[in-house]
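Remarks on the structure that follows.
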Amino acid sequence: MENSDIADRLDAFARLLELGEASPYTIRAYRRAADTVRGAALPVAELVRSGRARELRGIGRGIEARLRELVETGAIAELEELERELAPDLVGLGRYLGLGAKRSVELARALGVRTADELREAAAAGRLRTVAGIGPKTEAQLLDALAREPETRSRPGLLLHRAWELVGGVASALGGEPAGDVRRWCDSCEHLAVVGAAADPGPLLERFAALPQVVAVVEQADRRAVGVTVDGVPIELVAAALERFGTELARATGSREYVAALEPLPDAPNERALYGALGLPWCPPELRERPFRGDPPALLDPDGIRGDLHCHTTWSDGRASVEEMGRAGRERGYHYLAICDHTPAVGAVTGLDADGVRRQAHEIARANELLAPFRVLRGIECDILPDGRLDLPDDVLAELDWVQASVHGGQRMPEREMTKRVEEALRNPYVRCLSHPKGRYINRRPENALNLERVYEVALEERVALEVNGLPDRLDLSGDHVRDALEAGVEIVCSTDAHSIRGLDNMTLSVMTARRGGATAAEVVNTRPLEAILERARA
Ligand SMILES: [Zn+2]
Ligand SMILES: [Zn+2]
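Our numbering puts the last residue of the sequence shown at 548; the count rises by one with no breaks.
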């Protein structure tokens, strides 16, 4: 047995343990062991036979026993049993119905079924109530969940980057177009949909059902199917007739209210033709949240962004150095990038005090020598203390090119205190931008009680911009708040809050969120040249 074969079996074991909701520690241990075996210079089978497997890093007694079984018998019995029981489609359907993996497997075992289809048949035949522990009430709930339209089911939405990964992957595998909530760049996506064009829908629906992302099909009609992922997330495919592709794409993209206001939609092969037939200009999907018929504004273009004004480095909790972040910014075609590491009050990670800020200045100066004319800006993400004071003295802030002020701890303050706290910080003459103003984590922590109306007034007076934070679980300000801020005359900044080079890619999420609020380039500070940014800092 080759090392790669052994590693593959360990990986398969880890995957099934994960599906079966085993402890993350065990799952990680098997993954690590697989990596070790794959990279080992010696034949691992021989090490196992001679009782030396534990000399390899990360191989403990438990995994050694599995390896011995594998090498001696060519198989791991428990792995084969898990493979038989933990059919991904069964687990996916179970999760979609709100059951954990273990409960789904118990149910399947009791019913003697192996696949999602067999489970559905058994349910339809009234056999659920024959299972111990399933009373009439639970049976009714499960049957109801099976019968319900997937869209009417309430479940926490998927974060935008995850939703794009799923919907984008399915769309490109089928040669279709992403639609649903991701196409509008919703911050939490519930309606996941792909629209494909097909004269004959049969083969397209079959290819959809066979995709690795789709473990079970829970609904199927002539030109439509709903599949679920292994995590129980429903995704819809619309197989549109060629002459109706534009119609179906628009219908699957807009919010219910937006589409309802345009009905009846005429047949059209593409969206331009559809809007033309309606006598309307084409509307960017980001603006299809509410009924809208007018001329859309010239929305901010992602290419118009000239720099990122909020990112971290290894000086606080980032993973890349100042130079690496700067270089990555330059490669993205930016003219500038502000390093805004944390200050000590942030707590959970190391923050820069006055001395740290000054030491970092040397490293930034060196990076600028290497990267000129690209400019790495000296910035800070300065904590706003509970009483509204900032976490660094003014003379230190005065040295910097760009100061972000942030509330981290104490997001639960009542409205008056929170608003006063932030107002106080915005009055500081060196603060340029308020980070993630509402402090939410999508689907995890609600927005704080900050009174944004008041914040807009103060921000306008003090010429402080508000951030549209591009972290996929923040997206803060949200599109709706961006709209209000712009109406109040406040400027915004599109930032990534990147903690790594890859994190810089989240600029798209920030820009699209700003577009949902109708932002144009003129209203976004970091579409401007470097001189304008520095001037703002000196003003
Ligand atoms: Zn922050
Ligand atoms: Zn940050």
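Note that beta-carbon positions come from the ideal geometry of N, C-alpha and C, so glycine has one too.
The segment 187-199 and the segment 518-525 touch, with three or more beta-carbon pairs separated by less than 8 Å.
In this structure residue 39 is buried. Its beta-carbon is surrounded by 16 or more other beta-carbon atoms within 10 angstroms.
Each residue's CA atom was taken as its position, placing residue 259 and residue 37 some 43 Å apart. Residue 432 and residue 129 have their C-alpha atoms spaced approximately 57 Å apart.
Neighbourhood of ligand 2, defined by CB distance below 5 Å to any of its heavy atoms: 390 and 506, in chain order. Contact annotation: residue 188 and residue 261 have beta-carbon atoms nearer than 8 Å. Of the heavy atoms belonging to ligand 1, at least one sits nearer than 7 Å to the Cβ of residue 417. Short note on residue 444: C-beta closer than 7 Å to some heavy atom of ligand 1. Straight-line spacing of the CA atoms in residue 250 and residue 264 works out to 22 Å.
Inter-segment contact for the segment 306-326 and the segment 268-288 is absent: fewer than three beta-carbon pairs are separated by less than 8 Å. Spanning the alpha carbons of residue 203 and residue 344 requires a straight line of approximately 37 Å. In this chain, the alpha helix (DSSP H) harbouring residue 380 covers 363-380. Per DSSP, reduced to three states, the secondary structure at residue 319 is strand. For the pair residue 377 and residue 506, the Cα-to-Cα distance works out to about 21 Å. The beta carbon of residue 349 sits closer than 6 Å to the beta carbons of 319, 388, 389, 390 and 413 from its chain, once the five residues preceding and following it are set aside; these are given in chain order. Sequence-distant Cβ neighbours of residue 443 in its own chain, meaning closer than 8 Å and more than five residues away, are 413, 414, 415, 431, 434, 435, 464, 468, 473, 474, 475 and 476. When secondary structure is reduced to three states using DSSP, residue 535 falls in the helix class.
Scanning its chain for C-beta atoms nearer than 8 Å, with the 5 sequence neighbours on each side dropped, one finds around residue 101 the residues 125, 224, 225, 237, 238, 239, 240 and 241, in chain order. Counting along the chain, residue 439 sits inside no alpha helix (DSSP H), nor does DSSP assign it H or E at all.
Distance from the Cα of residue 380 is smallest, within the candidate group 398, 397 and 332, for 332. For the options 21, 510, 179 and 135, the alpha carbon positioned closest to that of residue 346 is the one of 510. Three or more Cβ pairs closer than 8 Å define a contact, and the segment 170-190 falls short of that threshold against the segment 142-150. Per the coordinates, the alpha-carbon of residue 452 lies some 13 Å from the alpha-carbon of residue 485. Per DSSP, residue 246 is one residue of the beta strand (DSSP E) stretching across 243-249. Beta-bridge annotation (DSSP): residue 351 is paired with 390.
Looking at the backbone, the Cα of residue 105 and that of residue 352 are separated by about 43 Å. As for any alpha helix (DSSP H) of minimum length 4 sitting wholly inside the segment 204-266, the runs are 210-219 and 254-262, ordered along the chain.
Excluding its 5 nearest sequence neighbours in each direction, residue 132 has C-beta neighbours in its own chain below 7 Å: 151, 152 and 155, listed in chain order. Residue 80 has its alpha-carbon roughly 8 Å from the corresponding atom of residue 15. Contact check for residue 277 against residue 256 passes: the beta carbons are separated by less than 8 Å.
Relative to the Cα of residue 76, the nearest Cα in the group 90, 210 and 60 belongs to 60.
Between the C-alpha atoms of residue 13 and residue 62 there is a straight-line separation of about 15 Å. Remark: C-beta atoms of residue 305 and residue 294 do not approach each other more closely than 8 Å. In the structure shown, residue 73 falls within a helical segment according to DSSP collapsed to helix, strand and coil.
Here residue 502 carries a strand assignment [DSSP, helix/strand/coil]. Under the DSSP assignment, residue 298 falls outside any beta strand (DSSP E); it carries neither an H nor an E label.
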